[in-house]
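**Student:** Residue numbers (my numbering): 176 to 519. The beta-carbon is built from N, C-alpha and C at its ideal position, and this holds for glycine as well. Quantities reported herein were computed from a predicted structural model and do not represent experimental measurements.
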Ligand SMILES: [Zn+2]
């Protein structure tokens, strides 16, 4: 079968790989109906993959083709969304709603053994725990929004929850990528009164406003911090949703949070230490977040998508087939595309 393989930085190709098949009785095989390229795929695209030959992609909606003998709830023919992490659904951490820490869990699209979703098909470990059946056909008009349940919408929601966004809160979202935009949706959904988007891309800012952002801060560094403080009566925001993962982004987060506020980190950290630990200690700021257990959030977010209250699928602005995936990486890396959908 054909799949997206990364050999080295800036070298993404569509290659022939062994067909996806069942390896364990708890596995299922899905035919990929929709996948996408993630902002986090751009880290290996620029810095090099974990291993040469890394199979890429961790977000998909698929149709179940085959299930192992121990799979109980997932059935062939079902349309399912796969979170970016697989999980058994039965361990103590899955019970806590923290499927990304599942004792049998792991991540798609990280190496050569567990496949990637930017492919014709994919083997899903622990199918009953991992997959979530969707109440739609594979050509449903809601497909783009449903696809965001695999990662970006759930991740934006996690940023809002871990930053403790509450009704009436003031919120700053650091980053105007797909996760940042979904974080705006999540903050609005949880009742935030003031949402400040921090970013500089005109089309993304426009979408952020349509999703519920009231204020835009496009400055950088100290100037940006000053602007946020001036927009919040001099105090800073209740909640910072850090959706980038750079040292500059976390520095902004600690600078603009108000006393007693929270920082929710969902950008994969490319820094070693959180800055300003003493001032944020003095101000009782909580720093939380991590990889989002998106599997836990599907049940809550799905009705809002099905009933049209939120439209996170609007983050997709380019669609490619498998052959177009390498160009999709290039387009996202050049900031020509916000988020690319793949129809294998
Ligand atoms: Zn588990």
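1) Is any non-hydrogen atom of ligand 1 found closer than 7 Å to the C-beta of residue 264, if you look at the structure I gave you?
2) Consult DSSP for residue 514 and reduce its assignment to one of helix, strand or coil.
3) To the nearest angstrom, how far is it from the Cα of residue 345 to the Cα of residue 287?
4) Since residue 330 and residue 441 are thought to touch, with beta carbons under 8 Å apart, how far apart are those beta carbons, to the nearest angstrom?
5) At what residues does the beta strand (DSSP E) containing residue 384 begin and finish?
6) Quick check: is any heavy atom of ligand 1 less than 7 Å from the C-beta of residue 259?
7) In or out: residue 267 buried (at least 16 other Cβ within 10 Å) or exposed?
8) Sorry if obvious, but does the Cβ on residue 268 come closer than 7 Å to a heavy atom of ligand 1?
9) Could you say which of 205, 511, 369 lies nearest to residue 240 if we only look at CA atoms?
10) Under a Cβ-count criterion, where at least 16 other Cβ atoms within 10 Å of its own Cβ denotes burial, should residue 429 be classed as buried or exposed?
11) What is the C-beta distance between residue 435 and residue 450, in whole angstroms, given that I count them as a contact (C-beta under 8 Å)?
12) Between residue 458 and residue 396, what straight-line distance do the alpha-carbon atoms span, to the nearest angstrom?
13) Where does residue 308 fall in DSSP's three states?
14) Let me know the secondary structure DSSP gives residue 230 once reduced to three states.
15) Beta-carbon within less than 7 Å of residue 424's beta-carbon, same chain only, minus the 5 sequence neighbours each way: which residues are those?
16) Rounded C-beta distance between residue 308 and residue 254? I'm assuming under 8 Å.
17) Might you give, ordered along the chain, the residues of its own chain that have their beta carbon closer than 8 Å to the beta carbon of residue 220, omitting 5 neighbours on each side?
18) Measure the C-alpha to C-alpha separation of residue 510 and residue 299 and round it to an integer number of angstroms.
19) Given residue 421, which residues of its chain have a CB within under 6 Å of its CB, disregarding the five upstream and five downstream residues?
20) Mapping DSSP to helix, strand and coil, what is residue 213?
21) Could you work out which residue in 259, 398, 438 is closest to residue 463 when comparing CA atoms only?
22) Is residue 469 near ligand 1, judged by its Cβ being under 7 Å from some heavy atom?
**Tutor:** Concretely, from the data shown:
1) Taking the first residue of the chain shown as position 1, residue 264 is located at position 89. The answer is yes for residue 264.
2) Against the chain shown, residue 514 aligns to sequence position 339. The answer is coil: DSSP assigns residue 514 none of H, G, I, E or B.
3) Residue 345 sits at position 170 when you count from the first residue of the chain shown. Residue 287 sits at position 112 when you count from the first residue of the chain shown. C-alpha separation (whole angstroms): 43 Å.
4) Here the question's residue 330 lines up with position 155 in the chain shown. Here the question's residue 441 lines up with position 266 in the chain shown. With a Cβ gap of about 5 Å, residue 330 and residue 441 count as contacting.
5) Taking the chain shown and counting its residues from 1, one reaches residue 384 at position 209. No beta strand (DSSP E) holds residue 384; the alpha helix (DSSP H) holding it covers 377-386.
6) Your numbering for residue 259 matches position 84 in the chain shown. Residue 259: no, Cβ never under 7 Å from ligand 1.
7) For this step, residue 267 is matched to residue 92 along the chain shown. It is exposed - the Cβ of residue 267 has fewer than 16 other Cβ atoms within 10 Å.
8) Residue mapping note: residue 268 aligns to position 93 of the chain shown, counting from 1. Checking the Cβ of residue 268 against ligand 1 gives yes.
9) Here residue 240 corresponds to residue number 65 of the chain shown, with the count starting at 1. Taking only the C-alpha atoms, the option nearest residue 240 is 205.
10) Locating residue 429 in the chain shown gives position 254, counting from the first residue. By the 10 Å Cβ count, residue 429 comes out buried.
11) As a first step, residue 435 must be located in the chain shown, where it is residue number 260. As a first step, residue 450 must be located in the chain shown, where it is residue number 275. That pair is no contact at about 19 Å.
12) For this step, residue 458 is matched to residue 283 along the chain shown. For this step, residue 396 is matched to residue 221 along the chain shown. If you take the alpha carbons of residue 458 and residue 396, they lie about 21 Å apart.
13) On the chain shown, position 133 is the one that residue 308 refers to. Strand.
14) If you number the chain shown from 1, residue 230 lands on position 55. Strand at residue 230.
15) In the chain shown, counting from the first residue as 1, residue 424 sits at position 249. For residue 424, where only same-chain residues beyond five positions count, the Cβ hits under 7 Å are 349, 350, 417, 442.
16) On the chain shown, residue 308 is found 133 positions in, with the first residue counted as 1. On the chain shown, residue 254 is found 79 positions in, with the first residue counted as 1. About 7 Å separates the two Cβ atoms, so the contact holds.
17) Residue mapping note: residue 220 aligns to position 45 of the chain shown, counting from 1. Cβ neighbours of residue 220 beyond the five flanking positions: 181, 184, 185, 187, 504, 508.
18) Along the chain shown, one-based indexing puts residue 510 at 335. Along the chain shown, one-based indexing puts residue 299 at 124. Cα to Cα, residue 510 sits roughly 31 Å from residue 299.
19) Counted from its first residue, the chain shown places residue 421 at position 246. So the qualifying residues of the chain are 445.
20) Taking the first residue of the chain shown as position 1, residue 213 is located at position 38. Coil, per DSSP.
21) The residue you call residue 463 lines up with position 288 of the chain shown. Cα-wise, what sits closest to residue 463 is 438.
22) Counted from its first residue, the chain shown places residue 469 at position 294. Checking the Cβ of residue 469 against ligand 1 gives no.
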